[in-house]
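Peer 1: Provided herewith is a single structure, encoded as structure tokens, for subsequent inquiry.
Numbering (our numbering), first residue to last: 532 to 667.
This is the structure we're talking about:
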């Protein structure tokens with residue numbers, strides 16, 4: 532479940548951000564936390580419904596004038612990787628901001644392309660399920 536950042540989650544956010552190479556530098560990590568607190572960067576966490584733990588996060592820039600979101604990073608607790616949560620985080624952002632175009636940094640492009648491809652296939656399959664082939 533996608534939940535917005537609050538200051539109560541700051542330590543968890545710092546821990547999850549530390550899995551990202553650039554934020555292993557404490558100075559860069561604290562600068563990023565300040566951007567989030569100042570509203571210059573949007574951050575949502577993924578809450579595991581079974582354990583109630585925050586197991587991932589997604590950070591992005593939001594441009595309301597252009598209705599654009601630029602995904603900057605995504606981080607998951609290593610114990611929860613390979614479970615498709617990256618796609619869940621991206622889909623959660625899509626659902627939270629349905630009218631916005633989602634793009635990403637160069638580093639995020641491969642994941643965004645895979646997610647978009649999977650999303651398109653899913654939508655096509657759902658459309659096929661709605662067709663009544665017996666009528667034709």
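The beta-carbon is built from N, C-alpha and C at its ideal position, and this holds for glycine as well.
These numbers come from a predicted model, not from an experiment.
Could you tell me whether the Cβ atoms of residue 550 and residue 607 are closer together than 9 Å?
Peer 2: As a working note, residue 550 is residue 19 in the chain shown. As a working note, residue 607 is residue 76 in the chain shown. Going by C-beta atoms, residue 550 is nearer than 9 Å to residue 607.
Peer 1: With 16 as the cutoff for other CB atoms within 10 Å, does residue 483 come out buried or exposed?
Peer 2: What the structure shows of the chain is the stretch from 532 to 667, and residue 483 is not part of that stretch, so it cannot be assessed.
Peer 1: Just to confirm, is the Cβ distance from residue 574 to residue 591 under 9 Å?
Peer 2: Here residue 574 refers to the residue found at position 43 when the chain shown is read from its first residue. Here residue 591 refers to the residue found at position 60 when the chain shown is read from its first residue. Their beta carbons are under 9 Å apart, which means residue 574 touches residue 591 by this criterion.
Peer 1: Rounded to whole angstroms, how far is the Cβ of residue 631 from the Cβ of residue 600, which I believe are closer than 8 Å?
Peer 2: The count along the chain shown starts at 1 and reaches residue 631 at position 100. The count along the chain shown starts at 1 and reaches residue 600 at position 69. Taking C-beta atoms under 8 Å as the contact rule, residue 631 and residue 600 qualify, at a distance of about 5 Å.
Peer 1: Compute the distance between the beta-carbons of residue 588 and residue 577, then report whether it is under 9 Å.
Peer 2: Taking the chain shown and counting its residues from 1, one reaches residue 588 at position 57. Taking the chain shown and counting its residues from 1, one reaches residue 577 at position 46. Cβ distance < 9 Å, so residue 588 and residue 577 count as in contact.
Peer 1: At what residues does the beta strand (DSSP E) containing residue 589 begin and finish?
Peer 2: Here the question's residue 589 lines up with position 58 in the chain shown. Where residue 589 is concerned, the enclosing beta strand (DSSP E) stretches over 585 to 594.
Peer 1: Could you have a look at residue 629 and say whether DSSP puts it in helix, strand or coil?
Peer 2: Indexing the chain shown from 1 puts residue 629 at position 98. Three-state result, residue 629: coil.
Peer 1: When you compare only the Cα positions, how much space is there between residue 581 and residue 532?
Peer 2: The residue you call residue 581 lines up with position 50 of the chain shown. The residue you call residue 532 lines up with position 1 of the chain shown. Whole-angstrom Cα-Cα distance: 10 Å.
Peer 1: Taking all protein chains shown into account, decide if residue 552 is buried (16 or more other Cβ within 10 angstroms of its Cβ) or exposed.
Peer 2: Here residue 552 corresponds to residue number 21 of the chain shown, with the count starting at 1. So residue 552 ends up on the exposed side.
Peer 1: Measure from the alpha carbon of residue 584 to the alpha carbon of each residue in 534, 628, 571, then state which is nearest.
Peer 2: The sequence position of residue 584 within the chain shown is 53, counting from 1. The option with the nearest alpha carbon to residue 584 is 534.
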